[in-house]
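Taking it in order: structure first as structure tokens, then the write-up.
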Amino acid sequence: MAQDGMIMKGRYTTLLLSLILLFSTAFAPNYLTYSNSNNHYTEGKSITPPCGGPSNTDSIVILPPGPVTLPADQSRIFTATLKNSNGDTLGGSPDWAVSDGSINPQGGGDAIYYPTSIGNHTVWACAANVVASVEVIVTMGDAESIELVGNKINLTADEVVELQVIEYDLHGNSGNMFVPSAQWNIPEGSSLHAVGGQPAIWTPGPIGNHTISVNAAGFSASWDVNVSRGVGVDLVIQNDRTIITSDESLVLSMSISDIRGNLWQVEGEWSTLAPQAMAWLTNNESHQTTFDGNLVGNWTVHAEYNGPENGNLNMSDEVTIDVRVGNIALVEILGHDSTMLTGDVLQLNPIATDLDGNIIEDATFNWSVDGPSGAESIDEFNQTFIPTTKGQHNILAESGGRPSSIRVQVEWSEPIDLNVTTSDGDWYLTVVTGETLSLHVQGLDVRGEWHSYNPNWTIDENFGSIEESGGEGDYLYHAASVNWTQLHAFVGENEFTILVYVTPGILDHIEVSVTDRGVQGESVPFTLRGFDISGNGVSIPICDVTVTSTAGRTECNEESWTLYLDNGGEQQVVKATYENANGSGYIDVQPTLLSGQFGSSTQVIAGGAILISMLIVVVLVAVYMRVKRIANEYDEEEEEEEVDAPQEMGQSMGQTPPPLGGIVAPPHGMAMPMPPSPMLGTEKGKRLPPSPPPPAFMFGTGITSNSSSAQPIPGVFVRSEPKYGWGDPTQQPLPQGYGWEQIGGTSVGVQPAPQQPQSEAPPPPRPKELEEEKPSALSSALSMFPDSTSNNDAESESDEEVVVSEEEPEMEEEVQEIPEEIDSPPDDESDSPTEEYEWEDDSEDEQTESNEAEDDKWDSWDNEWEGDEVADVESEDSSTEEGSEEVDDKITEAVEPGLGPCTEKGEILKPLPGTKSGESGWYFDSNGKPSLWEFRSIGWERIK
Numbered sequence: 004m005a006q007d008g009m010i011m012k013g014r015y016t017t018l019l020l021s022l023i024l025l026f027s028t029a030f031a032p033n034y035l036t037y038s039n040s041n042n043h044y045t046e047g048k049s050i051t052p053p054c055g056g057p058s059n060t061d062s063i064v065i066l067p068p069g070p071v072t073l074p075a076d077q078s079r080i081f082t083a084t085l086k087n088s089n090g091d092t093l094g095g096s097p098d099w100a101v102s103d104g105s106i107n108p109q110g111g112g113d114a115i116y117y118p119t120s121i122g123n124h125t126v127w128a129c130a131a132n133v134v135a136s137v138e139v140i141v142t143m144g145d146a147e148s149i150e151l152v153g154n155k156i157n158l159t160a161d162e163v164v165e166l167q168v169i170e171y172d173l174h175g176n177s178g179n180m181f182v183p184s185a186q187w188n189i190p191e192g193s194s195l196h197a198v199g200g201q202p203a204i205w206t207p208g209p210i211g212n213h214t215i216s217v218n219a220a221g222f223s224a225s226w227d228v229n230v231s232r233g234v235g236v237d238l239v240i241q242n243d244r245t246i247i248t249s250d251e252s253l254v255l256s257m258s259i260s261d262i263r264g265n266l267w268q269v270e271g272e273w274s275t276l277a278p279q280a281m282a283w284l285t286n287n288e289s290h291q292t293t294f295d296g297n298l299v300g301n302w303t304v305h306a307e308y309n310g311p312e313n314g315n316l317n318m319s320d321e322v323t324i325d326v327r328v329g330n331i332a333l334v335e336i337l338g339h340d341s342t343m344l345t346g347d348v349l350q351l352n353p354i355a356t357d358l359d360g361n362i363i364e365d366a367t368f369n370w371s372v373d374g375p376s377g378a379e380s381i382d383e384f385n386q387t388f389i390p391t392t393k394g395q396h397n398i399l400a401e402s403g404g405r406p407s408s409i410r411v412q413v414e415w416s417e418p419i420d421l422n423v424t425t426s427d428g429d430w431y432l433t434v435v436t437g438e439t440l441s442l443h444v445q446g447l448d449v450r451g452e453w454h455s456y457n458p459n460w461t462i463d464e465n466f467g468s469i470e471e472s473g474g475e476g477d478y479l480y481h482a483a484s485v486n487w488t489q490l491h492a493f494v495g496e497n498e499f500t501i502l503v504y505v506t507p508g509i510l511d512h513i514e515v516s517v518t519d520r521g522v523q524g525e526s527v528p529f530t531l532r533g534f535d536i537s538g539n540g541v542s543i544p545i546c547d548v549t550v551t552s553t554a555g556r557t558e559c560n561e562e563s564w565t566l567y568l569d570n571g572g573e574q575q576v577v578k579a580t581y582e583n584a585n586g587s588g589y590i591d592v593q594p595t596l597l598s599g600q601f602g603s604s605t606q607v608i609a610g611g612a613i614l615i616s617m618l619i620v621v622v623l624v625a626v627y628m629r630v631k632r633i634a635n636e637y638d639e640e641e642e643e644e645e646v647d648a649p650q651e652m653g654q655s656m657g658q659t660p661p662p663l664g665g666i667v668a669p670p671h672g673m674a675m676p677m678p679p680s681p682m683l684g685t686e687k688g689k690r691l692p693p694s695p696p697p698p699a700f701m702f703g704t705g706i707t708s709n710s711s712s713a714q715p716i717p718g719v720f721v722r723s724e725p726k727y728g729w730g731d732p733t734q735q736p737l738p739q740g741y742g743w744e745q746i747g748g749t750s751v752g753v754q755p756a757p758q759q760p761q762s763e764a765p766p767p768p769r770p771k772e773l774e775e776e777k778p779s780a781l782s783s784a785l786s787m788f789p790d791s792t793s794n795n796d797a798e799s800e801s802d803e804e805v806v807v808s809e810e811e812p813e814m815e816e817e818v819q820e821i822p823e824e825i826d827s828p829p830d831d832e833s834d835s836p837t838e839e840y841e842w843e844d845d846s847e848d849e850q851t852e853s854n855e856a857e858d859d860k861w862d863s864w865d866n867e868w869e870g871d872e873v874a875d876v877e878s879e880d881s882s883t884e885e886g887s888e889e890v891d892d893k894i895t896e897a898v899e900p901g902l903g904p905c906t907e908k909g910e911i912l913k914p915l916p917g918t919k920s921g922e923s924g925w926y927f928d929s930n931g932k933p934s935l936w937e938f939r940s941i942g943w944e945r946i947k
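If you use our numbering, the sequence shown corresponds to residues 4 to 947, in order.
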């Protein structure tokens, strides 16, 4: 019933697997059913040209080449390369087909093969009239279930059961699984023998119902058997003893035994070898008998059986019963199991005793010797044994029909000399290392006879070993190392030395010495050394050795090997072969980025970082060059405007407009300064990236640097050359609140000298003329504006860098703030100049249109400079509201630029690409952000 349940369980399992495969096939994607003509999917068929693909296909190469071993539950990608007759690779994809399973083309010559059944199958690729194929050996997939199947359920004890473990994979493929005997559970008293590739053999023991089970791959299965007794193969007389006295009896039982030792009683015939002993047998039952002891001696009882229990074969058994006189009759001889040497004397001293141990004094003994020394070694008169030859001797003594014997081991006496030769009798002992030399030893004993002798041996360390070869005095010397060696033979306390010359052997193996680890894309050196069978070095031509490796190609140069680590993975083998010797080593190769084509992963990352840095440098240089070019263009335009400005003023001002209220007219013969163009104020908001805005003197009379209107404001006209304005402003007193004024610049401003009648305040001191360095066009424009970072101290964080120069002189500037109401003119006064200066010509409109066109060009920079413009407006407004300023300019000594600007901690900033250390340009600040610096007469100053 258990077996029927297992069969039904196996059927249910098979049915369940079939249903799973059916549903998986029904819900498979549609692309699995495309025809071969569309070069999509083929299943279970061959292919016949012509096929699709390039018509000039001459050959097809499929990788990997066959045969390819593939488990049934896995897939494999095959790549077909199409080539023309010239060997050139062609584009396109071939048609695919398989003899079993399915294949799914992937495009570009690739296709995925999905096997189904195990066995040898073929994958074809066809293009035009060319067909190529690869053999695929499909093996069992991972086990999904197992089943234990036996060839017998009911059996006898003398039969065996063949058990086979069958595994099933995902596709229902089945195969035999080898399970070691340790994973079997068998009944006690039975045995199981498992050999790979063969069914397991179970040999029964006791009879009865038993269960055999097995556990493998996480699954278990069992098989039930019923064991009955086998055919009788032996007749056994069962008894509890074999020695009795004449007063005792012994019960004997007759039984049949099968080959497993199972016994059952049978009825047979009883007899004795001695006729007189038949009377001593009494049959209680046919399968039992009783033996009564009478006479002293050894009596043999014989049993015979011939019947159906053993197939009507004649079987017999016998037992010998020792009957002793009285209670016990005994003959003893001294020296049993003793060991002696030739020439020694053994006293036998035979003794005959009764049951009580009394010695029979008149007993006579018959002696015999079973051994190499013969009966001549017994002295019957003296009852001594004197052996002459080595060996085991059985000495027999019989008295009154009662035999007795002893066993004596005889050894050779210690020889006084030894003779060692080869088995052929050669006295010169020589052998090749790693081979065996047969030796024969003879000793000369005290009796003057040469005989084979077995001494005790010792051999120098690392020179091999010696062992007995079976015969007396015969030995085998297993040689090792190379040179003369000494074999030490000991006879008692005497030592005999035998010299043997060991010669070098032939090349046996090669040792490959390679590092344990490596990095893909690099190369490592390795060495090769040859050894004989005993480990002695053997010279070999290093570069003539054939070396292969799964890690990559190898190269020998000047007796030195190099391994190029092209393939990553653990335990990559390096195999060396020369003649009949070989050797191997192993290395773990760490995979790297881009398969090591550009070095290690660190080198690839470093190279990528360098490439990105170079790209950033190129972008920064391009931006810097463009900013520089735009600044130069801006300077050129400003120079042109400065040249044209006096001509326009001379043409438009035919007469001097009347002075405003509270304003003193200029000296006789000089006209009032021309009101500024409203359009110049709009240019103030256009900043050149990434440098600060241009100086304020470019914007015209009375225009606030960050103002969006053309309204004139009180100020002072300042020029570095006397051709602008009325000559040297320090020599010409100007009316207060009128003229040209620079707002928010870093250049020295000059306050107008008020006239005595209108102001009681003393005139401001005249500024000293400064000796300044001639700056570049860009630095001249940038120096006229205050540093944008200085205007936003409250809002900025730690981005601001403070440049400290050891030789920088201190400049103190005292600024006296004047309330805004003092400099602000009354509403009626501020309106009157607007009405009186409406004589401006239409050139301002044209200038406005050109400025609007220019605005579109710089819209992309407005947002970047918006914060700076607000800061400039606040700075200029505050400058407008300030009163008179005293500027004490000091002519300082020249300051050295050093290696560039530095932080408060004294750390020198690193220049950006395109800027040399110690020159004005772009530097990285302490936060790693780009910042623009310029070296001036007072030291380094951060522009942006």
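Backbone N, C-alpha and C fix where the C-beta goes; we use that ideal spot for every residue, glycine too.
{"Check": "Within a Cβ cutoff of 6 Å, which residues of the same chain sit near Tyr627, ignoring the five residues on either side of it in sequence?", "Outcome": "Gly917"}
{"Check": "Would DSSP call Asp638 helix, strand or coil?", "Outcome": "helix"}
{"Check": "Given Thr206, which residues of its chain have a CB within under 7 Å of its CB, disregarding the five upstream and five downstream residues?", "Outcome": "Val163, Ser193, Ser194"}
{"Check": "Tell me the DSSP secondary structure of Thr248 in three-state form.", "Outcome": "strand"}
{"Check": "To the nearest angstrom, report how far apart Glu414 and Val423 are at their CA atoms.", "Outcome": "19 Å"}
{"Check": "Alpha carbon to alpha carbon, how far is Phe927 from Val577?", "Outcome": "52 Å"}
{"Check": "Report the rounded CA-to-CA distance for Met343 versus Phe388, giving the unit in angstroms.", "Outcome": "10 Å"}
{"Check": "May I ask you to verify whether the stretch 303-320 touches the stretch 249-260, counting CB pairs closer than 8 Å and requiring at least 3?", "Outcome": "yes"}
{"Check": "Please report the distance separating the alpha-carbon of Ile590 from that of Ile121.", "Outcome": "35 Å"}
{"Check": "DSSP three-state label for Arg556, please.", "Outcome": "coil"}
{"Check": "Express the C-alpha separation of Leu158 and Asn218 in angstroms, rounding to a whole number.", "Outcome": "24 Å"}
{"Check": "Going by DSSP in three states, Tyr589 sits in which element: helix, strand or coil?", "Outcome": "strand"}
{"Check": "I'd like the span of the beta strand (DSSP E) that includes Leu158, first residue to last.", "Outcome": "157-159"}
{"Check": "Helix, strand or coil, according to DSSP, for Gly208 in the structure here?", "Outcome": "coil"}
{"Check": "With burial defined as no fewer than 16 other Cβ atoms inside 10 Å of the residue's Cβ, what is the status of Leu566: buried or exposed?", "Outcome": "buried"}
{"Check": "Please determine, among Leu253, Val239, Leu238, the residue with the shortest C-alpha to C-alpha distance to Thr245.", "Outcome": "Leu253"}
{"Check": "Strictly by DSSP, which residues pair up with Val517?", "Outcome": "Paired residue(s): none; Val517 is not in a bridge."}
{"Check": "Does the count of Cβ pairs from the stretch 165-178 and the stretch 200-216 closer than 8 Å reach three?", "Outcome": "yes"}
{"Check": "Hey, Ile513 and Asn585 are a contact pair by Cβ (cut 8 Å); roughly how many whole angstroms apart?", "Outcome": "6 Å"}
{"Check": "Helix, strand or coil for Lys947 per DSSP?", "Outcome": "coil"}
{"Check": "Spatial neighbours of Asn286 within its chain, please: C-beta separation below 6 Å, excluding the five flanking residues on both sides.", "Outcome": "Thr292"}
{"Check": "Tell me the rounded alpha-carbon separation between Trp936 and Ser920.", "Outcome": "11 Å"}
{"Check": "Report yes if the C-beta distance between Val435 and Gly508 is below 8 Å; otherwise report no.", "Outcome": "yes"}
{"Check": "Taking the continuous beta strand (DSSP E) assigned at Gln489, which residues delimit it?", "Outcome": "486-494"}
{"Check": "Taking the continuous beta strand (DSSP E) assigned at Gln395, which residues delimit it?", "Outcome": "394-402"}
{"Check": "I'd like to check one pair, Leu915 with Gly903: are the Cβ atoms closer than 8 Å?", "Outcome": "no"}
{"Check": "Compute the beta-carbon to beta-carbon distance between Ser402 and Val334, rounded to the nearest angstrom, for a pair I have assumed lies under 8 Å.", "Outcome": "5 Å"}
{"Check": "According to the neighbour-count rule (16 or more other Cβ atoms, all chains shown, within 10 Å of its Cβ), is Lys932 buried or exposed?", "Outcome": "exposed"}
{"Check": "Helix, strand or coil for Ser105, going by three-state DSSP, please let me know.", "Outcome": "strand"}
{"Check": "Apart from the five residues just before and just after Phe466, which ones in its own chain have a Cβ nearer than 6 Å to its Cβ?", "Outcome": "Ala483, Ser484, Thr488"}
{"Check": "Work out the CA separation of Asp448 and Gln412 for me, nearest whole Å.", "Outcome": "17 Å"}
{"Check": "Mind checking Glu944: buried by the 16 CB within 10 Å criterion, or exposed?", "Outcome": "buried"}
{"Check": "Measure how close the beta-carbons of Val592 and Gly571 come, nearest whole angstrom, since I'm counting them as under 8 Å.", "Outcome": "5 Å"}
{"Check": "Tell me, please, whether the stretch 147-158 touches the stretch 111-131 by the rule of three or more beta-carbon pairs shorter than 8 Å.", "Outcome": "no"}
{"Check": "Which one or two residues does DSSP pair with Gln167 in a beta bridge?", "Outcome": "Val152"}
{"Check": "With distances taken between CB atoms, is the gap from Asn301 to Asp325 smaller than 8 Å?", "Outcome": "yes"}
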